[in-house]
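A quick write-up on the structure given underneath.
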Amino acid sequence: MHDRTGHRAAYACVFALACLGLAGAALADDVAAVPPGGAQYDLTYKIYAGGINGVTFDIQVVLPAPGKDGVYATRVRAATQGVVALFAPWRLDTVSEGQREDGTLRARRFRNADTWRDRTRTVEIDFPGAGRPVVTMEPPNTETDRPPISDAQLDGALDPISALSRLMLDAGHGCPDRTAVYDGRRRYDMLVEPLGRRDYKASAQNSFTGSAIGCRLTFERVAGFKSGEGRRGLQGTAAEVWLGQALDGEVPLPVRLELDTGWGTMLGHLVQVRAADGTILYTLK
Numbered sequence: 017m018h019d020r021t022g023h024r025a026a027y028a029c030v031f032a033l034a035c036l037g038l039a040g041a042a043l044a045d046d047v048a049a050v051p052p053g054g055a056q057y058d059l060t061y062k063i064y065a066g067g068i069n070g071v072t073f074d075i076q077v078v079l080p081a082p083g084k085d086g087v088y089a090t091r092v093r094a095a096t097q098g099v100v101a102l103f104a105p106w107r108l109d110t111v112s113e114g115q116r117e118d119g120t121l122r123a124r125r126f127r128n129a130d131t132w133r134d135r136t137r138t139v140e141i142d143f144p145g146a147g148r149p150v151v152t153m154e155p156p157n158t159e160t161d162r163p164p165i166s167d168a169q170l171d172g173a174l175d176p177i178s179a180l181s182r183l184m185l186d187a188g189h190g191c192p193d194r195t196a197v198y199d200g201r202r203r204y205d206m207l208v209e210p211l212g213r214r215d216y217k218a219s220a221q222n223s224f225t226g227s228a229i230g231c232r233l234t235f236e237r238v239a240g241f242k243s244g245e246g247r248r249g250l251q252g253t254a255a256e257v258w259l260g261q262a263l264d265g266e267v268p269l270p271v272r273l274e275l276d277t278g279w280g281t282m283l284g285h286l287v288q289v290r291a292a293d294g295t296i297l298y299t300l301k
């Protein structure tokens, strides 16, 4: 159960920054306040698999001013919908926030509620700044055979959503090459390969027109994995994130994502961006 849940969460975390939402097992947390000079955006994506829009994503991001330090935060609400929901009812509600200091991201907290059918699993990670992250799970984690993770391996690690936030915040400098990630049970690296630039034209599904920078994401196991765990799920996952200037003068946003899950390719398209007051800043024509 835990490994399958981990695979769904891993896929969702990859989609989260590249791709309307249904409230899942709602978290009480809201994203952090907007830092001075920063901005808050609500991003709507349509996710397609085999031509079917079977998953919805509503992503709220708080970002510091471009190139500046400050608080960053992301909230993701996702769910299967329509026919897909009849056979695979799933909901996700995730909050992640941290601080950008001297150009480096430092995670503060991560809250994730993952519901598969009628079973909800929650994971909370608090990053104290010094010492090991504090992890709380419900139901409690009773595993006794998971290999340990050393303090050195956890040093500087980000939660899964913060690792992807780094793509947006560092997009002006290209794709970061490697990011250490900790999901509460496992430590892995997110490897990022630059793909150069690609020009897009608006279509029935894609609203973005312009140049976007591409980053290819793959994952490498580091510690905390059981024998064979993650080889077909996390480690077998590859994604392409394309970040474009959807809003003039602002941080590049993920405008398209291609995710190879091992069961087929999923595509995510940015279709709308709203300001904190609900004003539509960008939408599919």
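First residue of the sequence shown: 17, per the working numbering; consecutive thereafter. All C-beta atoms in this analysis are idealised placements derived from N, C-alpha and C, irrespective of residue type, glycine included. Here the structure is a predicted model, which is why all the values come from computation and not from measurement.
Check                                                                                : Outcome
For residue 181, three-class secondary structure by DSSP                             : helix
Residue 300 beta carbon less than 9 Å from that of residue 263                       : no
C-beta atoms of residue 223 and residue 286 nearer than 9 Å                          : yes
Beta carbon of residue 185 nearer than 9 Å to that of residue 124                    : no
Per DSSP, the bridge partner or partners of residue 128                              : 110 and 139
Cross-strand partners of residue 170 (DSSP beta bridge)                              : According to DSSP, which records beta bridges pairwise, residue 170 is partnered with nothing at all.
From 114, 93 and 217, residue whose alpha carbon lies closest to that of residue 175 : 114
For residue 62 and residue 92, the rounded distance between their alpha carbons      : 14 Å
DSSP state of residue 78 mapped onto helix, strand, coil                             : strand
Three-state secondary structure assigned by DSSP to residue 164                      : coil
Opposing strand residues paired with residue 227 [DSSP bridges]                      : 215
Under 9 Å between C-beta atoms of residue 122 and residue 110                        : no
Limits of the unbroken beta strand (DSSP E) element including residue 291            : 281-291
Local conformation of residue 210 per DSSP, three classes                            : strand
Residue 95 versus 178, 84, 102 and 73, residue with shortest Cα-Cα distance          : 73
Residue 268 and residue 280 closer than 9 Å at C-beta                                : no
Check: residue 226 C-beta below 8 Å from any heavy atom of the ligand COA            : The ligand COA is absent from the structure shown, which contains no ligand whatsoever.
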